[in-house]
Every structure is written in C-alpha cells, then in structure tokens.
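Participant:
In full-length UniProt numbering, the protein residues as written are 1 to 276.
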C-alpha cells in the first residue's frame, strides 16, 4: 500500500545537491538555451521537512535563487520506489495551463523533463534537466538516436496511483523495428494484454506517430533522453506524458503520466527495461 509516509521516504531518495543545467528545448527539438543550475534537497527536522534551494545562473544575467520548505506533498505529486517522480496538473482544462515534470534517478545521476501546454492543445515549452550529485562525475551519455532504440526491450512496469491504491506491476515487451523511408514500427505488450502496434515517421530528431485517437510526438534529446507528448491534445481522449532515459546501451527507463478521457490524472508508471 502506498501511503503518505511511503511517498515521503521515496522523496528522501532525492536528497543531496544536484548540479547540472536546465536546457530549454523547442517543441521540435532545437536547443534554445542552457542554464547552469544547482538544486539542493536538504532534509530538516529529523527528515520530516524538506528544504529545497534552486539556484540558476542564466548566461549574461544575474543568478537567481528560489527556496521552498514543505513537510507534506501536493496532490499532483507521486514518487516511485526508485525515487523517480512526477509532479503536475491533476486535471486538464482547455482554459488553464497544463503540464508536468517527470524525473528519473539512477545512481548519482538524475534526469528530468518538464512539459508545458499553455492554454492550448500543442506543447508550448519543454525543459530538459540533466543533473548529478555534487562531488560525483556526471556519466557522459550521447544524444539519443533511433538506432540505439532498435531491438527488443523486456522489462517491468510498476504503476502507482494518486488515490494510493496498491501499486501494480506487470511484465513489458517493446519491439522497435526499422521500416522503409525513415519509418519505425513499435510493438508494445503489457502483461497478458494484446500487443499494440504503431508506426512512426522520423523527421529530424522527432518521431511522429499519427495513428490512433491521440497522435503523439517523440523527441530524441541530449543525454540519452527522450520525451513523448500528444502532438495536439484531442479533448475527450485519454493522453499520456512520458520521459525516457537510455541509461546504458542496454538499460532504459521510462516514466509515464496517464490521464483518462475526462482529462483527470489517473496514474504514474515506471518502466525499467533491458535490451535482449
């Protein structure tokens, strides 16, 4: 059973000072700006309060610092066992800003992606945050390419829920095959459910999957990262936001925040998969 205390313990897996940068990326994948950053997560009060200090040094501008202290987690936040987390909108509405941050953690490295839809059905801004714990060396990871993803990935998906019902795990299998003319075929199987097959078209560093009720765009990013989002949100259809991270050539994690057809946040799923 997931509880407030379990969630807080998972937050504590993020404690430390994370050094890195906030990279602004256009919705088509162009790097716009890179801002060096330092984010400290400091437990206080015997670990019952978290102090968060966010320092940014934008090029050519004075540095900024934001300090937050909190002793409980907001309704839009959920953590997985690894310390991976997502925070964001609990309800999509066409008249308000919508979006989420998705964070993955592995060893002394952390990868976060923030997607924002500003009162419109298409992505407005994207931030890629690559961090490592102070005092450690960042693991160099190249820009993600489709070639690195071709093959069969087998793993496990663990889903946590905002209403704290028991988490669920199931086996996953993802096959990515190249087609003709920069096309990609993806076959995804969760547990015993029937496989879902989709075809994407590679345009620059972007994969576009146009079939289905909610066409999606996958952006291939620096640091082994990828992010998936609706190409244009179709109201009345379920949707998901995803961050992916190729940690090693044969180990990948994906974090998926799912919304139902009414636009209500339903779950957060962490997939850890190995290339076979």
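The beta carbon of each residue, even a glycine, is placed where N, CA and C say it ideally should be.
(1) List, from N- to C-terminal side, the alpha helix (DSSP H) runs of 4 residues or more that fit wholly inside the segment 134 to 175.
(2) Decide if residue 225 is buried, meaning its Cβ has at least 16 other Cβ atoms within 10 Å, or exposed.
(3) What residue from 268, 127, 261 and 265 has the CA that sits closest to residue 214's CA?
(4) Are residue 197 and residue 184 close, meaning C-beta to C-beta below 8 Å?
(5) Hey, residue 17 and residue 30: beta-carbon distance below 8 Å or not?
(6) For the beta strand (DSSP E) containing residue 226, list its first residue and its last residue.
(7) Which whole-angstrom value is the C-beta distance of residue 113 and residue 4, which I expect to be below 8 Å?
(8) Label residue 10 either buried or exposed according to how many other C-beta atoms from any shown protein chain fall within 10 Å of its C-beta, with 16 as the threshold for buried.
(9) How do the segment 68 to 75 and the segment 47 to 56 stand: do at least 3 beta-carbon pairs fall below 8 Å, yes or no?
(10) Flag this pair as yes or no: are the beta carbons of residue 257 and residue 245 separated by less than 8 Å?
(11) Out of 223, 170, 25 and 49, state which residue places its alpha-carbon closest to the alpha-carbon of residue 188.
(12) Would you call residue 150 buried or exposed, if buried means 16 or more other Cβ atoms sit within 10 Å of its Cβ?
(13) Which residue comes first and which comes last in the alpha helix (DSSP H) that contains residue 6?
(14) Counting pairs of beta carbons, one from the segment 144 to 161 and one from the segment 227 to 240, are three or more of them closer than 8 Å?
(15) Measure how close the beta-carbons of residue 122 and residue 238 come, nearest whole angstrom, since I'm counting them as under 8 Å.
(16) Could you pull the start and end residues of the beta strand (DSSP E) that residue 267 belongs to?
(17) Using the Cβ count rule (16 or more neighbours within 10 Å means buried), how would you classify residue 218?
(18) Give me, in chain order, the residues of the same chain whose beta-carbon lies closer than 6 Å to that of residue 177; leave out the 5 immediate sequence neighbours on both sides.
(19) How is residue 222 classed by DSSP in three states: helix, strand or coil?
(20) Using DSSP bridges, identify the partner residues of residue 113.
(21) Given a cut-off of 8 Å, decide if residue 274 and residue 83 are closer than it, judged by their beta-carbon atoms.
(22) Taking a contact to mean a Cβ-Cβ separation below 8 Å, would you say residue 286 touches residue 76 in this structure?
(23) Let me confirm a value: residue 61 is counted as buried when at least 16 other C-beta atoms fall within 10 Å, else exposed. Which label applies?
(24) Quick one: residues in its chain with C-beta nearer than 6 Å to the C-beta of residue 234, no 5 flanking neighbours on either side, listed in chain order?
Facilitator: The short version:
(1) 146 to 149
(2) buried
(3) 261
(4) no
(5) no
(6) 225 to 230
(7) Wrong, their Cβ atoms sit about 26 Å apart, outside the cutoff.
(8) buried
(9) yes
(10) no
(11) 170
(12) exposed
(13) 4 to 11
(14) no
(15) About 18 Å separates the two Cβ atoms, so there is no contact after all.
(16) 265 to 275
(17) buried
(18) 185
(19) helix
(20) 102 and 128
(21) no
(22) Shown here, the chain extends from 1 to 276; a query on residue 286 therefore has no answer.
(23) exposed
(24) 214
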